[in-house]
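Trainee:
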Amino acid sequence: MGSKILTLFDIEFRRVQKIFFAVISLITLGNVGIFILGIYRVLEDVRVETGVAQQISVLKTNIGKHMFLELQLPNFIYYLSNLLMFLALIGCAFYCVLIWQRDFSSKSKTIYTFFMLPENRFIIFISKLITMLTLIYTIIFVQYFLWGIEAFIVSKYANIPIINMINSINNINAMEGITRLILMPIYPMEFLMIFIIGPIVAVTSIFTAVLMSKSIKKVGGIIGIASIVTLFIAYFVIIVDHKYSDCILRNNMIFYIVVFFLSIFVSYNLLKNKMYD
């Protein structure tokens with residue numbers, strides 16, 4: 466079974482590798498652009514303050530360091546790069562639908578042959594899950610890696626301690642509401658729940674909704690969409706207007722466990738049924 470999953474994963478990854486590298490490239494270029502824009506804002510404000518055009522070396526001066534933190538540039542870079550990553554992850558959510566839809570509309574593909582074998586159907590689910598998680602986790606890893614490089618550059622070049630930048634970012638993470646929802650959490654447990662376990666639950670839920678739409682005639686699509694909307698509302702109710710706490714951690718754990726195993730159970734049984742184009 467393991468070898469079959471790896472074979473299907475290889476097939477899936479070859480089909481998405483162009484998208485994979487395109488997304489990673491866009492995130493990298495976007496972060497570089499955001500970082501340069503942030504530095505440019507510092508240079509412009511120092512120019513306005515002093516009346517003299519400045520070079521990047523001004524970051525080494527006291528006024529340059531002051532402007533960098535006074536303008537909350539760490540927050541500016543952090544917020545925009547989070548927004549960029551958030552949009553990439555939303556794109557992954559849509560692709561979770563397309564990765565199945567493509568197989569239903571392209572019956573000549575090798576993976577469709579596997580799909581026609583009832584005993585092998587669930588390994589297709591697993592291979593697609595691994596493919597999407599590989600893309601999602603790579604996006605998150607690359608974003609953190611780029612933040613590390615940017616923080617290292619500023620720390621070494623401008624001699625601004627990284628802890629000062631983190632403290633500035635912590636202020637924006639303390640915000641409530643919609644703004645907080647699109648920010649990468651700093652607390653390890655919060656990060657684990659949202660960006661490690663969360664994608665597994667989200668992808669399995671979307672996969673289950675797609676399988677519902679293909680297994681139930683006429684109303685399958687409505688049921689699938691309704692299930693996703695219901696889960697989104699339920700999760701939103703759990704986390705909105707709450708700061709990180711043991712209560713949210715407990716609620717998240719319960720929500721994730723119930724949704725994950727329910728999705729797996731439903732998907733496993735749906736894959737035994739006839740699928741409709």
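Those letters in the sequence shown? Residues 466 to 742, per the numbering used here, in order. For glycine and all other residues, C-beta sits at the position ideal for the given N, C-alpha and C. Note that the coordinates shown come from a computational prediction; the quantities given were computed from them, not determined experimentally.
1. Under the rule that 16 or more other beta-carbon atoms within 10 Å means buried, what is Gln-608, buried or exposed?
2. For Tyr-700 and Phe-720, I'd like the C-alpha separation in whole angstroms.
3. What are the start and end residues of the alpha helix (DSSP H) that includes Val-668?
4. Within the continuous alpha helix (DSSP H) that includes Ile-564, where are the two ends?
5. Can you find the residues in the same chain that come closer than 6 Å, C-beta to C-beta, to Ser-678, ignoring five residues on each side of it along the sequence?
6. Starting from Phe-656, trace the alpha helix (DSSP H) in both directions and tell me its first and last residue.
7. Are the Cβ atoms of Ile-499 and Ser-546 separated by less than 7 Å?
8. Just mark Val-676 as buried or exposed, buried being the case when its beta carbon has 16 or more other beta carbons within 10 Å.
9. Could you tell me how far apart the beta carbons of Ser-670 and Leu-696 are, in whole angstroms, since I believe they sit closer than 8 Å?
10. Going straight from the alpha carbon of Arg-586 to that of Val-668, what length do you get?
11. Indicate the three-state DSSP secondary structure (helix, strand or coil) for Asn-624 in the structure shown.
12. Just to confirm before moving on: does the CB-CB distance between Ser-620 and Leu-473 stay below 7 Å?
13. Measuring alpha carbon to alpha carbon, tell me which residue in Met-597, Ile-589 and Leu-494 is nearest Gly-467.
14. Among the candidates Leu-600, Ile-661 and Met-718, whose CA atom is the shortest distance from the CA of Phe-478?
15. Please confirm if the stretch 713-729 is in contact with the stretch 655-665, defined as three or more CB-CB distances below 8 Å between the two stretches.
16. Assign Asn-496 to buried or exposed, taking buried as 16 or more other Cβ atoms, counted over all protein chains shown, within 10 Å of its Cβ.
17. Check whether the Cβ atoms of Ala-558 and Ile-492 sit closer than 7 Å, and answer yes or no.
18. What's the gap between the Cα of Met-550 and the Cα of Tyr-733?
19. Taking the alpha-carbon positions, what's the Lys-483 to Thr-603 distance?
Mentor: Taking the coordinates as given:
1. buried
2. 8 Å
3. 663-680
4. 538-569
5. Gly-685, Gly-686 and Gly-689
6. 653-656
7. yes
8. As written in the sequence, residue 676 is Leu, which differs from the Val given in the question. Buried, since its Cβ has 16 or more Cβ neighbours within 10 Å.
9. 6 Å
10. 17 Å
11. coil
12. no
13. Ile-589
14. Leu-600
15. yes
16. buried
17. no
18. 31 Å
19. 14 Å
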